[in-house]
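To keep things clear, I will list the structure first and then write my remarks on it.
Residue numbers (the numbering used here): 249 to 520.
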């Protein structure tokens, strides 16, 4: 992030521990940036009366949450916090806030893979990253902010990267003096076609003088390979394009191996 530009950050909350974890991560992640943080709670009762009662209760909870945030992070003069109560569906509400407050990033907590039938990324976070066109950081239950030194960028090289996307990646890499590790998962017999080669060259040009490298994995036992890659490289953040989500759906949403736990430990930044 540009340290001088004002960023608008939206943090949906349900007042859970996971939601608080997202608040902590967001404040640390953007600690060097001028930011407006909008903490959003969406009420969704069975009728208007129930929603009205919930709104009164949640107004108090949001004020308590705001005091907790200011008590812990009061020393950062670059940050301002605002609370919002809305009613209806989460995705619709988030879309409204993105438009009205010109949101640059959404930061959401998730329960990760807790529970036998749970998906690694909870349904709320999954809906937001697939249905709202805004950069979103998904913070899993066990993730705690640490200085970003290693950032993974899995890609199929099939998508044409927009300048906005490339600038978002390079801005985070540069501001943290981090290393970018571009990860391509392929069938062993497949080589990059001409479009993929051009997209790879464009990405390499944007990364430029920043420390970066390209890594190629076969799609055999891919979840284990990604887990090994994350552990060996000590990855702090996994960044990907929203249009690549289908490509990575298996490893993100349906890992089948107990060894695979990166989705409960490592935050994901999804770019549109």
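Virtual Cβ for every residue (Gly too), placed ideally from N, Cα, C. If you're wondering where the values come from, they're calculated on a predicted model, not measured in any experiment.
Residue 357 is bridged by DSSP to 387.
Between residue 288 and residue 317, the gap from beta carbon to beta carbon reaches 8 Å or more.
Residue ranges of uninterrupted alpha helix (DSSP H) with 4 or more members, entirely inside the region 376–435 and ordered along the chain, are 411–423.
Going by beta carbons, residue 397 and residue 428 fall outside the 8 Å limit. Residue 408 is positioned such that its CB atom lies closer than 8 Å to that of residue 447. Looking at the DSSP output, residue 460 shares a beta bridge with 428. The C-beta of residue 311 has fewer than 16 other C-beta atoms within 10 Å across all chains shown, which makes the residue exposed.
Residue 387 is a Cβ neighbour of residue 355, given a cutoff of 8 Å. Taking the CA atoms as reference points, residue 485 sits about 42 Å from residue 297. If you look at residue 328, you'll find it in the beta strand (DSSP E) that goes 327–335. According to the DSSP assignment, residue 315 belongs to the alpha helix (DSSP H) that extends over 296–321. The Cβ neighbour count for residue 337, taken over all protein chains shown within 10 Å, is under 16; the residue is labelled exposed. DSSP places residue 490 in no beta strand (DSSP E); its state is neither H nor E. Here residue 439 is exposed, its C-beta having fewer than 16 other C-beta atoms within 10 Å. One Cα belongs to residue 284, the other to residue 382, and the distance between them is close to 16 Å. For residue 253, the three-state secondary structure derived from DSSP is coil.
8 Å or more divides the Cβ of residue 286 from the Cβ of residue 266.
Here residue 278 carries a coil assignment [DSSP, helix/strand/coil].
Its chain contains 400, 402, 463 as the residues whose beta carbon lies nearer than 6 Å to that of residue 431, once the 5 sequence neighbours on both sides are disregarded; these appear in chain order.
Residue pairing by DSSP places residue 466 opposite 434 in a beta bridge.
In this structure, 515 is the residue among 305, 515, 358 with its C-alpha nearest to the C-alpha of residue 483. Cα atoms of residue 304 and residue 278: separation of roughly 31 Å, rounded to the nearest angstrom.
With a cutoff of 8 Å on beta-carbon distance, residue 444 and residue 405 are scored as near each other.
If you check the CB distance, residue 370 and residue 378 do not come in under 8 Å. For residue 346, the enclosing alpha helix (DSSP H) covers residues 338–348.
Assignment of residue 451 by DSSP, reduced to helix, strand and coil, places it in the helix class.
Residue pairing by DSSP places residue 260 opposite 288 in a beta bridge. Nearest Cα to residue 334 within the set 275, 292, 452: 292.
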